[in-house]
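Data block below; observations after.
Below you can see the structure in the form of structure tokens.
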């Protein structure tokens, strides 16, 4: 924390700020500048709340300096985290595609799509059994029956399963059935759920919140890791923006920024960013070119009958074409 | 839903769209315009997903027309909802101030502040026993012990209690202790929690999400009401914005907009919007002048020692001055 | 500027940063913290570009400390600026209402409205002769003829005139006719126009840009003042936001924030923030309650025939009612 | 325009709306739905202002249907626009790199960089002679002397020149010296400048505004085209967003969206989106993979001495590496 004083701050005001720093148990170091004095807070074990200083007489600004995250930080752990699943590694230098429908609707639907995405090269099957929906009157998912179908898909195809847990009840059930537990954008700051997820011992795919900063997103991962689970996969899915040409604004600068700040893997969901089928391919290409560690893609063989998100689901043939297209983008050497 | 066709859409393309509408069980009415044709969807019982149409050949746009909310809507219930609590009514034409510390820290702290805010005219005591914090290392609240202190405050002062539930476990406990259950901004789309809250039968104070549209906020209230609880109080607390002069951007246009769209009461939390003490008074004044049904204000007798949000808490004397100031703003006739 | 080093930064990396600071002509003061070293830049006459340091080895962040503005800053000039016009002062403790149509459409229209707003208490007549419009096919204003009508309004009613200049050509003409020159939101960073405006010697009403930070807005005022014109009136008119319940999101926290950072007066335009007539009154009330120095209100006697912005224009009777209502909000003692 | 009526709208209210539509010179077609009536406006030659209807009794919403743009629209011109310059075509299926320093600082600087970017494959040299800067105290460019240097660069290297015009004075001079005239983000809605640019007969590179919607951006291009200049190149450079991991949020979904809505070429400026050197390469890769028609890249041989934007400028060796890297991304067949 650096506390910046007014040009005309009196010695008494500067002294009062220093005294407050000491009262909080830290050390205060005044830095006399050309025009004004600033006071650095030293020996603080973690971030200090700027709010404590911001309306003291003579203070014009309090600037946080410390990074609030620890376990997720590349400063703490320099090497990239690689998450090991049966027959699959997720992390830098690997590349994984997770594909499937938005929602599991029936065994036939799930198996049909699973066979297609597996044949095209996906290693993980995605599909929701519990669906967070903006309206209480929209389709809410098959629940336990959906999880049973997902287990069947794994048995029959060998694909690993990623599916969303919406709350603590579903988390318990999902943890028993899934290989990777997904936490959705709307739950990114559901701190109780983050903690519980961190106690499952399972890999967690953590979607970025609708309008979360990189710091908030990493702090959400910190919640999971602070419960002892180091296997977090970050998933960029776009943030809300003005404009109606796409549903969300895919923020690909998070890929290199996460690399710099953290050791965790980062995958991208172009389907939710796009919101419409014709934008999925260009955004998926862009994400791969920007260096992500994997993609989450919605695929449906009958999207016009899908119970949710049909308009952004690729047809299986489109998914196959996309996979071939992407192969050309990853010559192997560039990450 | 109105589906707008390309200027050069062929009769076959227009026919295909109409056929799809019929296949979904609705009625299609083509509207030939000067330049292009649009197709209205009729007889749909609820909103239709635009996504189904948006990439059909010849379609350039699909525009939702229906409002997705029902129970919260003023179209369904014309008269304002008035929520009845012991000795207090919340709703239009009434005006209530809820005040207290961000977090309950001790019995002495809570009682000290409660006496002061009661004397100044507050009718409800606010104070968190469960605190959602961005960092897992920040103060998380006293939990059950905090709830016991809140019950003590009610006993001793007669103030009603509003406090936050963070998850289903704390909701159960909060419902037993509080008069009004608060759901926080980060949980506005925690749909499981909304449903559970709707089953408590208690009044629910629902904060607007960090970057929620009015429609999403009303849909969150719809979740609560769809479980049978009609007692929802909306709470505007600002949305995230660029710029650092305040923590959040207080959106006072929601007050008249909520009045127009819904029958539910709306209160305002200027403390969280401000993020710093010196902005609370002007924003509180503005909210009252704009016609809100109440305020939520953070007050602390020793904010510099507060375990959270100290910098935005008013001193009791400031709160007293604010209450007197506000009295001058509500001559009584203007809502 | 404070440069924050990585926890594992080497002495050589720290030395390199310090050397770069010195090479730029400043002084470097290392501040050893508990976990990491930070380096303060001293003796810099103005802001330093963080970008110079941000990708040096071992640097994790470069934090600006200096305020970039000078002439607009309350640190430079402690007392509030009061702008003196014939028969009118604009600034703190005064309160001025500027009202009139969005665009000047005819002499009859302008005079009719001017008489009404004058009778209701407005001191300045607003009306555009040059209209910046999103579409080249929308009504663009009467130009010189409009300015002649505005001069006539002043002659006949004694009201002062505020009207917008869109570019250097219109600025010259507007400067000859208007008492206050308005610069619009879309031109807030038209730096050439700002400079020219600063050379007219006229009071300038500077609207906040569509999505400008407080700092950028004050820097735009700095451009005007740096040309020798101290008479700048800031005008808050809302920033762009998601959500469709209002056209823009009126940011009333700028009122106390501008007071803190600057000595310049600040007025509010609730009409453009609202975008629809029924929101103007609550937002105008809120702005006054928050302590602004004046209002800009659109009024039209036949808004349904207005050539622009009719839907947000008040009827003269509504404006009269608003003026009476506002009188009750300003008991006189609160700013 | 579709006007949606309240469920309880009376026949008289519906009639009044229809009458208003007719009074405006259009045709009104009521569409009776299951729950409510909507009224379509037909035979309107262009967009109708929703504001006219929005506060009529019984109206709950007015939804624009028409596209406001004409000349830029793919509905008007189906084939892609290809802009022909000496020895270079810009448009779909072609790919052009424009590179150079943010600002022209000296002949030596410009020629040194020009030789390097030419050798690496750039076809156009970029460099500002007139610099719009947030602060009046920042470096503002060499002006006419800078233009002379740019002409020298063209002579010596054969590279074409793109450089920014800030206002009508500089536009005139820039038009005489440059092959492509750049209009900056802050001037995207400087409508006078857009019109003047459209009269130069030169190709115009139009940057997207700081927070402009796709529609506003296309309308700005419409201003240029409406003056008779069909040679507009759109340039995506990111929009403002919360979060500090990058300067702006690069919105690559505009690439396919512009393709759908317009026939104009679209290039991407990853340097301004990034704001820091280490993000430029991943964002440039992403833009190419998403299908843009070209890139604008900042390159400086001594970025640490650059007078502006040094931190986002690539070293020439980095630019060379990037160009080779990009070659691998464009196998030729994918747009």
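Residue numbers (the working numbering), protein chains in the order written: chain W, 1 to 335; chain V, 336 to 670; chain F, 671 to 1005; chain G, 1006 to 1340.
For glycine and all other residues, C-beta sits at the position ideal for the given N, C-alpha and C.
All values reported here derive from a predicted model rather than from experimental measurement.
Would you say residue i lies against chain G (beta-carbon separation less than 9 Å)?
i, result
"residue 557 of chain V", "no"
"residue 348 of chain V", "no"
"residue 1004 of chain F", "Confidence at residue 1004 of chain F is low in this model, with a pLDDT of 38, below 50, so the placement of that residue is unreliable and no value is reported for it."
"residue 396 of chain V", "yes"
"residue 856 of chain F", "yes"
Using three-state DSSP, classify residue i as helix, strand or coil.
i, result
"residue 1004 of chain F", "In this predicted model, residue 1004 of chain F has a pLDDT of only 38, less than 50, meaning its place in the structure is not dependable enough to derive any value."
"residue 1010 of chain G", "strand"
"residue 1201 of chain G", "helix"
"residue 681 of chain F", "helix"
"residue 798 of chain F", "strand"
"residue 1034 of chain G", "strand"
"residue 310 of chain W", "helix"
"residue 420 of chain V", "strand"
"residue 336 of chain W", "There is simply no residue 336 of chain W to check, as chain W begins at 1 and stops at 335 in what is shown."
"residue 964 of chain F", "strand"
"residue 792 of chain F", "coil"
"residue 735 of chain F", "coil"
Label residue i either buried or exposed according to how many other C-beta atoms from any shown protein chain fall within 10 Å of its C-beta, with 16 as the threshold for buried.
i, result
"residue 1150 of chain G", "exposed"
"residue 292 of chain V", "Shown here, chain V extends from 336 to 670; a query on residue 292 of chain V therefore has no answer."
"residue 924 of chain F", "buried"
"residue 169 of chain W", "exposed"
"residue 324 of chain W", "exposed"
Have a look at the options and flag the residue whose alpha-carbon is nearest the alpha-carbon of residue i.
i, options, result
"residue 237 of chain W", "W:133, W:220, W:295", "W:295"
"residue 76 of chain W", "W:261, W:250, W:325", "W:261"
"residue 483 of chain V", "V:516, V:439, V:434, V:590", "V:439"
"residue 802 of chain F", "G:1011, G:1320, G:1192, G:1161", "G:1192"
"residue 1239 of chain G", "G:1271, G:1208, G:1141", "G:1271"
"residue 552 of chain V", "V:593, V:513, V:514", "V:593"
"residue 527 of chain V", "V:512, V:550, V:500, V:514", "V:500"
Strictly under 9 Å for the Cβ-Cβ distance: is residue i near chain V by that measure?
i, result
"residue 1070 of chain G", "yes"
"residue 190 of chain W", "yes"
"residue 372 of chain W", "Limits of chain W in this structure are 1 at one end and 335 at the other, which puts residue 372 of chain W out of reach."
Just checking: is the beta-carbon of residue i within a distance shorter than 9 Å of some beta-carbon in chain F?
i, result
"residue 33 of chain W", "yes"
"residue 216 of chain W", "no"
"residue 1301 of chain G", "no"
"residue 636 of chain V", "no"
For residue i, list the residues DSSP reports as bridge partners.
i, result
"residue 393 of chain V", "DSSP lists no partner for residue 393 of chain V."
"residue 324 of chain W", "DSSP output for residue 324 of chain W lists no bridge partner at all."
"residue 858 of chain F", "Partner(s): none; residue 858 of chain F has no beta bridge."
"residue 498 of chain V", "V:516"
"residue 571 of chain V", "V:603"
"residue 542 of chain V", "V:570"
"residue 441 of chain V", "Answer is none; residue 441 of chain V lacks a bridge partner."
"residue 1043 of chain G", "G:1009, G:1036"
"residue 1267 of chain G", "G:1078"
"residue 431 of chain V", "V:629"
"residue 618 of chain V", "Answer by DSSP bridge pairing: none, since residue 618 of chain V is not bridged."
Taking only beta-carbon atoms, is residue i less than 9 Å away from chain W?
i, result
"residue 1247 of chain G", "yes"
"residue 528 of chain V", "yes"
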